[in-house]
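What follows is one structure encoded as structure tokens, with my remarks underneath.
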Amino acid sequence: MHRREDFTRRGRYDLVLDLVAHRSVFAYRRALARGGRYRCAGGTARALLRVVTVGSVAARVTGRRMGVLVVRQGPASFTRLADLCVAGEVTIPVDRTYALDGVAEALAHVGEGRALGKVVVEIR
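According to our numbering, the sequence shown is numbered sequentially starting from -4.
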């Protein structure tokens, strides 16, 4: 579905958290409700720069907020999340598991955008 449908044309969202930044800044702006927020947490350096420059100007004009989400690195920043995972309150979706000799197939699966969760390569 994520490849067939363009969510930026379907409705208005209060918050969009983007991990890959494949669409234009203007498409994301279109997807935001008035007062909505867009945060980009990943993507190419070029995409991040567009969000910071073009996105911030477009956001001021339209009443929508756009920016880059910066995450602190290191284990201390993820202790709470790790605790939730251990407690079973957060689950990580696994799309497929491959044997070590299937790495090429696993990379192709992810590279084609078909993975709907994490792809695991077992080292056994």
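A virtual CB, placed ideally from N, CA and C, is assigned to each residue, including glycine.
Residue i: first and last residue of the uninterrupted alpha helix (DSSP H) it sits in
i      : result
Glu100 : Val98 to Gly106
Arg24  : Val20 to Ala26
Asp78  : Thr74 to Val81
Pick from the options that is closest to residue i, judged by C-alpha positions
i     : options                        : result
Arg91 : Gly112, Leu27, Val49 and Gly38 : Gly112
Asp96 : Cys80, Glu84, Leu79 and Val116 : Val116
Thr57 : Ala71, Gly31 and Ala82         : Gly31
Val47 : Ala99, Val20 and Ala82         : Val20
Arg7  : Glu100, Leu27 and Gly83        : Leu27
Gly38 : Leu14, Ala22 and Leu79         : Leu14
Cβ neighbours of residue i in the same chain (closer than 8 Å, five flanking residues each side left out)
i      : result
Pro88  : Leu111, Gly112 and Lys113
Glu100 : Tyr93
Supposed contact pair residue j and residue i - C-beta distance, whole angstroms, cut 8 Å
i     : j     : result
Leu12 : Ala36 : 6 Å
Arg24 : Arg59 : 6 Å
Ser51 : Met61 : 6 Å
Ala42 : Ala16 : 4 Å
Beta-carbon contacts of residue i that lie in its chain and below 7 Å, excluding the five residues immediately before and after
i     : result
Thr74 : none
Arg18 : Thr3
Cβ neighbours of residue i in the same chain (closer than 6 Å, five flanking residues each side left out)
i       : result
Met(-4) : Its pLDDT being 45, under 50, Met(-4) is placed unreliably by the model, and nothing is read from it.
Leu64   : Arg34 and Ala36
Ala22   : Thr3
Alpha-carbon to alpha-carbon, residue j and residue i
i      : j     : result
Ala167 : Val49 : As shown, the chain starts at -4 and ends at 119. That puts residue 167 outside it, with no answer to give.
Terminal residues of the beta strand (DSSP E) in which residue i lies
i     : result
Ala94 : Val89 to Ala94
Val47 : Per DSSP, Val47 belongs to no beta strand (DSSP E) and is neither H nor E.
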